[in-house]
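Reading through the structure tokens given below for one structure.
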Amino acid sequence: MTDQGVPAPSDSADAWWSRVYEGPAGRLPDTPGAGGGDESVDEWFDSIAAVMGLVTPRRQEPVPVPVPAPVAVAPVPEVAQALPKVSLVKPTRVPPQRVEVEPTPHVGTRPPTYSPEPTLLPAARPERLAALVPDTALDGAQYPGLTLRAASVRGDSARYRGEPRTDALLLTRFGEAPDGLLLAVLGSRARAANDPRAGHTLPDLVPGDAIGKACVQLAEAIGRSRAELSADLRAGARDRLRYGLQRLTAGAGAALRASAAGGGSLHCLLIPLDPEATHRAAFGTGPGGLYLLRSGHWIDAYAARMLYQGDGAEAEDAGTEPREPRPFRFRMVPATAGDILLLASPGFAEPVAEEAAVGHFLATHWSNPHPPGTVDFLRQVQVRAKGHADDRTAIALWTG
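Each residue of the sequence shown is one higher than the last, beginning at 1 in full-length UniProt numbering.
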């Protein structure tokens, strides 16, 4: 390639390129001539950089806008805050007030021997853990026209000695209204097996095997006969109910009598869910009690005799010796609004029947327009009386 057609640069142009790039001007592309002029170094660099595409042209600096002078504002005088007055009189020191905790209720002039709270846990064996029961069981239900409350509590004596609760409690429902039935079952071991002074070993004191299984067996038999029992309750067939329930109870009690529990007791309350049904059935075998609180009077429903009035006054026939309970006891109780029916294990039936103050305490708390809640019911069942420290199980039914 030749240099023909390329204009020969002047001496002044060669000098300029040599100073900037230190190379011959004839080997570089055409550039505009640059004179000395009066430009500053920055202006000169900007013009060359714009031509060569090295940087973008410098943006023109904005012209500053004059800021108006601030307007003078008259200062606001500060208002001195008044300091609170300090009393120079020394305040009177109030001694701390002791909060009295309401104790577990008890009746009688002398307090019970044992503490009202659990003391020792029952001993257990690894292979018998399934038979353990809690210290307290609490249950309940509410349906149109009735309220049911149930509680089973370890006795104060068993709590003190670290023995398990031997009473059993079962509440369940079979079917739907109007053919449904509510069933409440309680069981208790014979007094000889419950008495810690009899020298029984640990296996004899483990509850849940004989008593619990007997309660479940009886409940299963009643559940399988629900349709027939519901029809008999609706029709008021007293004789048919007595015969059928006695047969079912005898079957469940046979295994109980053959066990180490020594017989014990089983009692049930059968409640129809039919609003048109006029009666409930209570039945059982062994020690225990069925009591009716009506218009302030306590009635032994099994024995059909008056216990005492709700205020603790002795009834006219209270001095009569109670008859020996039959092997099987059965009672049809009318569903009268305002009545309270109580089914109790021996540990609770005895203080209710023997201590008028216990009956008065229960009548006072249970005669309110509304039945107690489950927690209040538990506390009321735990009313303590000296000489009565066995397990307690109570099932109460409010009508209306």
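Glycine included, each C-beta is placed from N, C-alpha and C at the ideal position.
Checklist entry - Going by beta carbon distance, what residues of the same chain come within less than 6 Å of aspartate 179, once the five residues before and after it are set aside? => result Ser230
Next on the checklist: By the DSSP assignment, the beta strand (DSSP E) with arginine 331 in it spans what residues?
Outcome noted: In the DSSP assignment, arginine 331 falls within the beta strand (DSSP E) that extends over 329-334.
Item to check | Classification of valine 381 by the beta-carbon crowding that lies within 10 angstroms, buried from 16 upward | outcome: buried
Next on the checklist: In whole angstroms, give me the CA-to-CA distance for proline 126 and glycine 162.
Outcome noted: 17 Å
Checklist entry - Name the DSSP beta bridge partners of glycine 284, please? => result His267 and Arg329
Next on the checklist: Please report the straight-line C-alpha distance between glutamate 350 and alanine 281, rounded to a whole angstrom.
Outcome noted: 22 Å
Next on the checklist: Relative to the C-alpha of leucine 378, which candidate in Asn368, Thr393, Ala335 and Ala385 has its C-alpha closest?
Outcome noted: Thr393
Item to check | Within 8 Å, strictly: CB atoms of residue 410 and tyrosine 302 | outcome: The structure shown does not extend to residue 410, since the chain spans only 1 to 400, so no value can be given for it.
Item to check | Under the three-state DSSP convention, the category leucine 138 falls into | outcome: In the structure shown, leucine 138 sits in a strand (DSSP, three-state: E or B).
Checklist entry - If you draw a straight line from the C-alpha of tyrosine 21 to the C-alpha of proline 66, how long is it? => result Because tyrosine 21 sits at a pLDDT of 46, beneath the cut-off of 50, its placement in the model cannot be relied upon, and the following sentence gives the value as read from the coordinates. C-alpha of tyrosine 21 to C-alpha of proline 66: approximately 45 Å in a straight line.
Checklist entry - If you draw a straight line from the C-alpha of leucine 290 to the C-alpha of leucine 121, how long is it? => result 31 Å
Item to check | Helix, strand or coil at glycine 236 [DSSP, three-state] | outcome: coil
Checklist entry - Pick from Thr166, Gly236 and Asp232: whose alpha carbon is nearest that of cysteine 215? => result Per the Cα distances, Thr166.
Checklist entry - Where does alanine 25 sit, in a helix, a strand or coil, going by DSSP? => result With a pLDDT of only 46 at alanine 25, under the threshold of 50, the placement of this residue in the model should not be trusted; the figure read from the coordinates follows. Reduced to three states, the DSSP call for alanine 25 is helix.
Item to check | With 16 other Cβ atoms within 10 Å as the buried cut-off, status of serine 188 | outcome: buried
Next on the checklist: Judging by CA-CA distance, which residue of Gly264, Ala385, Leu266 and Ala353 is the nearest neighbour of arginine 305?
Outcome noted: Ala353
Checklist entry - Can you tell me the Cα-Cα spacing of alanine 357 and leucine 341, whole angstroms? => result 18 Å
Checklist entry - For the putative contact between aspartate 343 and isoleucine 395, defined by C-beta atoms under 8 Å, what is the C-beta separation to the nearest angstrom? => result It should be noted that the sequence gives leucine, not aspartate, for residue 343. Indeed they touch by this definition, with Cβ atoms about 4 Å apart.
Item to check | Beta-carbon separation (whole angstroms), alanine 177 vs aspartate 274, contact threshold 8 Å | outcome: 7 Å
Item to check | Residues near leucine 256 by beta carbon distance below 6 Å, same chain, minus five either side | outcome: These residues qualify, in order along the chain: Ala210, Ala214 and Gly264.
Checklist entry - Do threonine 336 and threonine 285 have their C-beta atoms within less than 8 Å of each other? => result no
Checklist entry - Which word fits histidine 370, buried or exposed, when buried means at least 16 other C-beta atoms lie within 10 angstroms of its C-beta? => result Counting Cβ neighbours within 10 Å, histidine 370 comes out exposed, since fewer than 16 surround it.
Checklist entry - For proline 196, is the classification buried or exposed, using 16 other Cβ atoms within 10 angstroms of its Cβ as the cut-off for buried? => result Only weak support is given to the placement of proline 196: the predicted model assigns it a pLDDT of 46, under 50, and the question is left unresolved by the model.
Item to check | Cα-Cα separation, glycine 155 to aspartate 390 | outcome: Spanning the alpha carbons of glycine 155 and aspartate 390 requires a straight line of approximately 4 Å.
Checklist entry - Does DSSP classify arginine 159 as helix, strand or coil? => result helix
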